[in-house]
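In what follows, a structure is listed as structure tokens, so that the remarks can point back to it.
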């Protein structure tokens with residue numbers, strides 16, 4: 001399949017092309033990669049051999065078995081029940097989501113020390129999600145005052161669902177009401193049980209490692225690593241820069257540069 005014909009299966013994220021269906025992705029030829037990079041983007045993250053038995057340096061975090069709640073760790077069961085007593089978990093439409101989720105987005109980004117976009121910026125981000133593929137917008141509502149305390153934006157694929165973007169009011173994380181436990185448990189039941197999808201996914205190995213969500217999912221909800229192989233394709237000038245800087249990857253202080261070099265290390269099989 002020609003690179004330009006494949007573009008509908010890719011999305012551009014922070015100047016990097018990422019395939020939308022990780023379980024269907026194949027190794028790109030140089031000609032296909034060149035065609036994809038012809039107009040936009042600086043690099044391609046090309047994963048292939050999804051869920052290989054070989055332990056590699058790159059993986060996706062997935063859950064492909066739905067167990068009874070009694071099979072989860074004791075602390076997980078306890079926190080799920082606390083969350084279920086306190087909150088409702090629902091899918092809502094896009095317009096309601098923008099209004100109710102934006103305050104949570106602001107609080108989360110502020111707690112991370114990130115730049116906070118306006119509501120129009122947030123709305124545009126949601127529109128881009130909605131234009132790309134089928135999206136479910138989940139919210140967590142307090143049963144007493146109906147306020148939204150957390151949300152998840154989920155990307156529905158051919159036979160799977162990706163938990164693409166989750167956020168929670170930092171206060172709800174501190175007060176031991178455990179909104180994430182109830183939300184994740186409910187979504188797992190919905191997609192694996194009711195919708196009969198093959199697996200749910202929290203994305204690929206974290207590059208920036210600013211969040212502990214993936215170890216949290218592995219420990220509390222029996223997610224696992226689906227290993228794959230990784231190849232990176234660059235525009236010529238970025239490839240030159242990466243080759244020059246790679247020997248100094250452990251001492252470079254710039255976060256975005258370090259992320260690119262770490263991805264390159266993973267593609268070379270370095271852990």
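Residue numbers (the numbering used here): 1 to 271. By construction, the Cβ of each residue, glycine as well, lies at the ideal position given by its N, Cα and C atoms.
query	result
Excluding five sequence neighbours on each side, which residues of the same chain lie with their C-beta closer than 6 Å to the C-beta of residue 50?	22, 23 and 228
Looking at C-beta atoms only, is the number of pairs between the region 15-35 and the region 177-195 that lie closer than 8 Å three or more?	no
Roughly how many angstroms separate the alpha carbons of residue 2 and residue 72, rounded to a whole number?	At residue 2 the pLDDT is 43, less than 50, meaning the model places this residue with poor confidence and gives no usable figure here.
So, under 8 Å CB-CB, residue 69 and residue 199 are touching, yes? Tell me the CB distance rounded to an integer number of Å.	Between residue 199 and residue 69 the Cβ distance is about 19 Å, and since that is not below 8 Å, they are no contact.
Within 10 Å of its beta-carbon, does residue 232 have 16 or more other beta-carbons around it, so buried, or fewer, so exposed?	buried
Which whole-angstrom value is the C-beta distance of residue 129 and residue 161, which I expect to be below 8 Å?	Incorrect: roughly 13 Å between the Cβ atoms, too far for contact.
List the residues that DSSP assigns as beta-bridge partners of residue 162.	155 and 201
Return the chain-ordered list of same chain residues with a C-beta closer than 8 Å to the C-beta of residue 59, the five sequence neighbours on each side being excluded.	204, 205, 225, 226, 227 and 228
How big is the Cα-Cα spacing for residue 13 and residue 269?	23 Å
May I ask you to report which of helix, strand or coil DSSP gives residue 14?	coil
Is it true that the CB of residue 140 sits closer than 9 Å to the CB of residue 151?	yes
Got a sec? Which residues, its chain only, sit under 6 Å from residue 258 by beta carbon, not counting five neighbours each side?	252
Return no unless some Cβ of chain C is closer than 9 Å to the Cβ of residue 89.	Within the model displayed, chain C is absent; a lone protein chain is all it includes.
Keeping to the same chain, check which residues put their C-beta closer than 6 Å to that of residue 133; ignore five residues upstream and five downstream.	155
So, helix, strand or coil for residue 212, using DSSP?	coil
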